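Following: one structure in structure tokens, then a few remarks.
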Amino acid sequence: MLCINGIHRISNQYRGYFPSSVNGKEGLDLSSPYMNSEHELVKKGDPLHELNQYPMHGVLTQYWDEMWRISLELLRAVARTFDLDASHFDKLLDDRAFGGAGTLSTFRLNYYPQLGNQTPVSIGADDGEPLSCEEHYDGCVLTILYQHKVGGLQIQSENRTWVDVPVVPYALVVNTGKCLERWTNGCLRAVKHRVKLLKEERLSIPFFLEASYSTPIVPLPTAGGAPKYDPIIYGPYIIENNSKFKEYQRDDDKSS
1 MLCINGIHRI SNQYRGYFPS SVNGKEGLDL SSPYMNSEHE LVKKGDPLHE
51 LNQYPMHGVL TQYWDEMWRI SLELLRAVAR TFDLDASHFD KLLDDRAFGG
101 AGTLSTFRLN YYPQLGNQTP VSIGADDGEP LSCEEHYDGC VLTILYQHKV
151 GGLQIQSENR TWVDVPVVPY ALVVNTGKCL ERWTNGCLRA VKHRVKLLKE
201 ERLSIPFFLE ASYSTPIVPL PTAGGAPKYD PIIYGPYIIE NNSKFKEYQR
251 DDDKSS
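Here the UniProt record's numbering is used: the first residue of the sequence shown is 1, the next is one more, and so on.
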């Protein structure tokens with residue numbers, strides 16, 4: 001469905017296509033449609049600030065714009081909650097151009113094909129549930145997810161039970177990432193989640209709000225209490241965080 005001839009045979013580390021042979025689902029990762037070869041971060045060769053190999057057009061660009069707008073509105077609400085100027089996170093994201101071009105924010109199209117006797121990607125640690133996406137936390141700032149018709153997403157509650165996230169027409173699921181947890185000194189905690197192995201064809205569209213590669217992630221001074229997290233730089237942190245996912249372990253030989 002998402003397979004485009006040769007699109008995964010590229011040098012990008014963070015963008016592009018990964019086939020279903022990697023982890024049972026096909027995916028296409030895209031960066032801001034406003035990133036171009038003249039952007040200062042591309043010229044500098046900043047790691048992970050890459051151009052899309054398959055440019056966005058029409059409805060995809062419109063969708064990106066809406067996700068970016070919603071993300072900033074959510075972060076402005078968070079900033080006000082912590083008695084900060086509403087634009088506090090705008091500056092922390094280090095956005096140097098309209099539409100998130102200065103960040104590592106990622107728009108992904110996930111396609112889970114209809115299954116026969118598919119081998120699970122992993123098994124639930126506590127309940128043995130077969131999974132098509134392993135139990136994990138998102139490392140980004142926020143994730144905004146659209147589920148199309150078929151669910152399967154589960155989140156872990158405080159008592160460690162797994163709860164189905166229902167598919168609600170025209171609704172979006174918002175998940176706090178580990179980066180925002182660190183910024184808020186643990187006040188807004190990232191939620192562990194996973195996807196059950198289903199027989200039905202499934203499509204999901206997550207938008208991962210991310211900082212720039214060089215953005216420092218330090219607990220907010222107004223979050224209260226002693227800092228629970230050491231300062232980090234977003235880029236090296238997200239590379240290490242994502243290294244455990246199979247789609248980021250791909251190379252040209254294994255992808256073809």
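Even glycine gets a Cβ: it sits at the ideal position worked out from N, Cα and C.
It should be emphasised that the depicted structure is a prediction, and the values quoted were computed from it without experimental measurement.
Worksheet entry | 4 or more residues per run - each alpha helix (DSSP H) lying fully within the UniProt domain "Fe2OG dioxygenase" (102 to 211) | 178 to 183
Worksheet entry | Element boundaries [alpha helix (DSSP H), containing Asp90] | Counted from its first residue, the sequence shown places residue 90 at position 90. 88 to 92 is the extent of the alpha helix (DSSP H) around Asp90.
Worksheet item: What's the gap between the Cα of Gly224 and the Cα of Asn185?
Response: By 1-based counting over the sequence shown, the position of residue 224 is 224. By 1-based counting over the sequence shown, the position of residue 185 is 185. Using only the alpha carbons, I get a separation of about 8 Å.
Worksheet entry | Spatial distance of Val121 from Gly102 (CA atoms) | Residue 121 sits at position 121 when you count from the first residue of the sequence shown. Residue 102 sits at position 102 when you count from the first residue of the sequence shown. Between Val121 and Gly102, the C-alpha separation is close to 33 Å.
Discussion item. By the three-class DSSP mapping on this structure, what secondary structure does Leu74 have?
Written reply: Position 74 of the sequence shown, counted from the start, is the residue given in the question as residue 74. Three-state DSSP puts Leu74 in a helix.
Worksheet item: Does the Cβ of Met33 have 16 or more other Cβ atoms within 10 Å, making it buried, or fewer, making it exposed?
Response: Position 33 of the sequence shown, counted from the start, is the residue given in the question as residue 33. In the sequence on display, residue 33 carries Pro and not Met. Answer is buried; the Cβ neighbour count reaches 16.
Discussion item. Measuring CB atoms only, is the stretch 135 to 155 touching the stretch 203 to 223, in the sense that at least three cross pairs come out at less than 8 Å?
Written reply: yes
Worksheet item: Do you know offhand how far His193's Cα is from Gln154's?
Response: The residue you call residue 193 lines up with position 193 of the sequence shown. The residue you call residue 154 lines up with position 154 of the sequence shown. The straight-line gap from Cα to Cα measures roughly 6 Å.
Practice prompt. Determine the contact status of Asp65 and Arg76, defining contact as a CB-CB distance below 9 Å.
Written response: Start at 1 with the first residue of the sequence shown, and residue 65 comes out as number 65. Start at 1 with the first residue of the sequence shown, and residue 76 comes out as number 76. No.
Practice prompt. For Phe245, write down the residues that DSSP places opposite it in a beta bridge.
Written response: Position 245 of the sequence shown, counted from the start, is the residue given in the question as residue 245. For Phe245, which the question treats as bridged, DSSP gives no partner whatsoever.
Worksheet item: Considering only the beta carbon of each residue, do Ser105 and Leu198 sit closer than 9 Å?
Response: The residue given as residue 105 occupies position 105 in the sequence shown. The residue given as residue 198 occupies position 198 in the sequence shown. Their beta carbons are not under 9 Å apart, which means Ser105 does not touch Leu198 by this criterion.
Fill in: Per-residue DSSP class, three states only, for Glu240
The count along the sequence shown starts at 1 and reaches residue 240 at position 240. Looking at Glu240 - three-state DSSP - the assignment turns out to be helix.
Discussion item. Quick check on the burial criterion: 16 or more other C-beta atoms within 10 angstroms. Buried or exposed for Cys140?
Written reply: The residue given as residue 140 occupies position 140 in the sequence shown. Buried, because 16 or more other Cβ atoms sit within 10 Å of the Cβ of Cys140.
Worksheet item: Taking one C-beta from the stretch 108 to 115 and one from the stretch 158 to 172 each time, how about it: are there three or more such pairs within less than 8 Å?
Response: no
Item to complete: Alpha carbon to alpha carbon, how far is Asn241 from Pro130? Give it in angstroms, no decimals.
Response: Counting from 1 along the sequence shown, the entry for residue 130 is found at position 130. Counting from 1 along the sequence shown, the entry for residue 241 is found at position 241. Pro130 and Asn241: Cα-Cα distance of roughly 23 Å.
Worksheet item: Leaving out five residues before and five after Glu134 in sequence, what residues of the same chain have Cβ atoms less than 7 Å from its Cβ?
Response: The count along the sequence shown starts at 1 and reaches residue 134 at position 134. The residues are Val121, Ser122, Arg194.
Worksheet item: Can you tell me whether Ser37 is buried or exposed, with buried defined as 16 or more other CB within 10 angstroms of its CB?
Response: Within the sequence shown, numbered from 1, the residue matching residue 37 stands at position 37. Per the 10 Å Cβ criterion, exposed.
Practice prompt. Identify whether Phe18 lies in helix, strand or coil by the three-state DSSP scheme.
Written response: In the sequence shown, the residue the question calls residue 18 occupies position 18. Strand, per DSSP.
Discussion item. For Val173, tell me which candidate among Ala211, Arg189, Trp183, Gly151 has the shortest Cα-Cα distance.
Written reply: Along the sequence shown, read from residue 1 onward, the residue named residue 173 stands at position 173. The candidate whose alpha carbon is nearest that of Val173 is Gly151.
Item to complete: Please confirm whether Asn52 and Leu30 have their CB atoms less than 9 Å apart.
Response: Position 52 of the sequence shown, counted from the first residue, corresponds to residue 52. Position 30 of the sequence shown, counted from the first residue, corresponds to residue 30. Against a cut-off of 9 Å, the Cβ pair of Leu30 and Asn52 comes out as a contact.
Practice prompt. State the Cα-Cα distance for the pair Asp85 and Lys228, rounded to the nearest angstrom.
Written response: Against the sequence shown, residue 85 aligns to sequence position 85. Against the sequence shown, residue 228 aligns to sequence position 228. When rounded, the distance between both Cα atoms is 23 Å.
Worksheet entry | Pick from Tyr237, Lys43, Asp46, Trp68 that is closest to Lys178, judged by C-alpha positions | Numbered from its first residue, the sequence shown carries residue 178 at position 178. Among Tyr237, Lys43, Asp46, Trp68, the Cα nearest to that of Lys178 belongs to Tyr237.
Worksheet entry | Limits of the beta strand (DSSP E) - the one that Glu26 falls within | Here residue 26 refers to the residue found at position 26 when the sequence shown is read from its first residue. It spans 26 to 30 - the beta strand (DSSP E) in which Glu26 sits, taken as one unbroken run.
Worksheet entry | Burial state of Thr222, where buried means 16 or more other Cβ atoms lie within 10 Å | Translated into positions along the sequence shown, residue 222 becomes position 222. By the 10 Å Cβ count, Thr222 comes out exposed.
Worksheet item: Taking just the CA atoms, how far does Phe107 sit from Asn175?
Response: In the sequence shown, counting from the first residue as 1, residue 175 sits at position 175. In the sequence shown, counting from the first residue as 1, residue 107 sits at position 107. The alpha-carbon atoms of Asn175 and Phe107 are separated by roughly 15 Å.
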